[in-house]
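Chemist: Structure in structure tokens, see below.
Numbering (the working numbering), first residue to last: 19 to 138.
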């Protein structure tokens, strides 16, 4: 997932980074966009759509990696994360019309970031 996230979101730092650091930074960037979209309210549909598109992309990359044979996570954790990815992708689509759903997406991403940060 880290390599795909790095490619999708660019090298955010030229130094050596662990895969977890790259994943954390990808989630932080996307979550920052979701927070800005939530703060702008209903008036900024294009900003919200962009943030939600980036969130869908990140979760799609994660889901693709989780479903791959090369993923080394425990099968139960992989299944849980795949379910969470499906939820995040669906909610991202629904939140275009209903900005109140942004809060849940921000919470999910923040919890993922906490998990990634705790494993350093």
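Where is the CB? At the ideal position from N, CA and C, for every residue including glycine.
(1) Would residue 69 pass as a contact of residue 54 if the rule is Cβ separation under 9 Å?
(2) Rounded to whole angstroms, what is the Cα-Cα separation between residue 104 and residue 34?
(3) Could you tell me which of 127, 131, 75 and 100 sits nearest to residue 111, measuring between CA atoms?
(4) What separation, rounded to the nearest whole angstrom, lies between the Cα atoms of residue 136 and residue 63?
(5) Which value, in whole angstroms, describes the spacing of the CA atoms of residue 49 and residue 77?
(6) Let's test the definition: count the other Cβ atoms within 10 Å of the Cβ of residue 41 and tell me whether it reaches 16, buried, or not, exposed.
(7) Tell me the DSSP secondary structure of residue 67 in three-state form.
(8) Reducing DSSP to helix, strand and coil, say where residue 35 ends up.
(9) If you run the structure through DSSP and keep just helix, strand and coil, what is residue 115?
Modeler: Looking at the coordinates:
(1) A contact, by the Cβ cut-off of 9 Å.
(2) If you draw a straight line from the Cα of residue 104 to the Cα of residue 34, it comes to about 31 Å.
(3) Shortest Cα-Cα distance from residue 111 to any of 127, 131, 75 and 100 involves 75.
(4) So the alpha carbons of these two residues sit roughly 34 Å apart.
(5) Those two C-alpha atoms are separated by around 12 Å.
(6) Classification for residue 41: buried.
(7) It is helical.
(8) Residue 35 sits in coil when the DSSP states are folded into three classes, being neither helix nor strand.
(9) Coil, per DSSP.
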